[in-house]
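To start, the structure itself, in structure tokens.
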Amino acid sequence: MAQNSSYVGLRSDMLEILPTGRRFERVLDVGCATGATGSALKQRGAHVTGIEYSPESAAAAKEALDEVLEGDAGVLLGKLAGDGRRFDLVLCGDVIEHLVDPWTALATIRRLVPNGLVVVSLPNVAHLSTFSALLSGQWPYRERGIHDRTHLRFFGERNLKALFAEAGFEERERRVHHRVIERPHWLNEFSAPLTSRLPVLRRYTAYQFVSLLA
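According to this note's numbering, the sequence shown is numbered sequentially starting from 322.
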């Protein structure tokens with residue numbers, strides 16, 4: 322199966338949330354796609370291991386990263402933990418929602434980073450687009466975004482707090498991407514000043530959460 326282009330590319334937002342000046346020697350990129358984000362960390366001196374489900378993307382990632390494990394992330398995380406592997410940093414960029422059991426996956430990641438950091442990016446199902454679709458009597462299955470048809474789990478803001486706490490993580494920082502319209506659209510940028518001032522709009526235009534965990 323070809324990799325959805327929505328999941329390929331450098332996730333600068335996930336790198337920007339990292340503490341300034343902190344060095345990472347061993348990095349695990351879960352759902353590494355073609356390796357763009359991991360490659361940026363490799364250029365900073367890290368040894369980067371990737372996990373990728375798509376054979377096509379995994380093949381490309383092997384050219385960019387130090388090590389790439391191909392297959393189901395939940396299974397491979399368990400294998401890494403069982404082998405006693407440890408990391409300074411784990412990235413989970415829009416991958417948790419694709420897993421059958423994200424709770425166990427995060428608990429396993431906790432074992433992999435006993436003294437490290439984790440960055441998790443998740444879409445917010447409590448977005449305006451969800452409510453507008455349900456009011457029209459349908460669930461908005463799509464090829465990308467919040468309602469990607471390959472998503473198995475859905476999370477709102479309160480779900481995140483419970484998800485992270487259950488796995489033993491403390492959320493150190495959260496950054497939120499806002500969109501009035503789910504897909505990329507000029508109106509999102511135009512409406513940014515308004516959504517930043519009105520709490521109700523901020524809540525329901527939250528499109529994606531990026532959290533730093535420790």
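Glycine included, each C-beta is placed from N, C-alpha and C at the ideal position.
query                                                                                                                                                       : result
What is the DSSP secondary structure of residue 371, reduced to helix, strand or coil?                                                                      : strand
Which residue's Cα is closest to the Cα of residue 490: 411, 472, 450?                                                                                      : 411
When you compare the CB of residue 432 with every CB in chain C, is at least one pair closer than 8 Å?                                                      : The structure shown contains no chain C; it holds only a single protein chain.
Please name the residue in 399, 472, 530 whose C-alpha comes closest to that of residue 482.                                                                : 530
What did DSSP end up calling residue 406 once you bin it into helix, strand or coil?                                                                        : coil
Would the beta-carbon of residue 443 fall within 8 Å of that of residue 418?                                                                                : yes
With distances taken Cα to Cα, identify the nearest neighbour of residue 440 among 360, 416, 452.                                                           : 416
Hey, residue 351 and residue 413: beta-carbon distance below 8 Å or not?                                                                                    : yes
Taking 8 Å as the threshold (C-beta atoms), are residue 382 and residue 356 in contact?                                                                     : yes
May I ask you to report which of helix, strand or coil DSSP gives residue 390?                                                                              : strand
Grab the span of the alpha helix (DSSP H) containing residue 479 for me, first residue to last.                                                             : 478 to 487
Looking only at its own chain, which residues have a Cβ that is under 7 Å from the Cβ of residue 331, when we skip the five neighbours before and after it? : 357, 358, 361
Suppose you measure from the CA of residue 480 to the CA of residue 423; what does that come to, to the nearest Å?                                          : 12 Å
Measure the C-alpha to C-alpha separation of residue 392 and residue 341 and round it to an integer number of angstroms.                                    : 33 Å
Just confirm the distance between the C-beta atoms of residue 492 and residue 409, as a whole number of angstroms; I'd bet it's less than 8 Å.              : At roughly 18 Å, the Cβ-Cβ gap does not stay under 8 Å, so residue 492 and residue 409 are not in contact.
Assign residue 371 to one of two classes, buried (16 or more other C-beta atoms within 10 Å of its C-beta) or exposed (fewer than that).                    : buried
Taking the alpha-carbon positions, what's the residue 500 to residue 532 distance?                                                                          : 18 Å
Nearest-angstrom Cα distance between residue 421 and residue 364?                                                                                           : 33 Å
Restricting to runs no shorter than 4 residues, where is the alpha helix (DSSP H) found entirely within the stretch 398 to 464?                             : 423 to 433, 449 to 456
Nearest-angstrom Cα distance between residue 389 and residue 535?                                                                                           : 24 Å
Please report the distance separating the alpha-carbon of residue 334 from that of residue 404.                                                             : 31 Å
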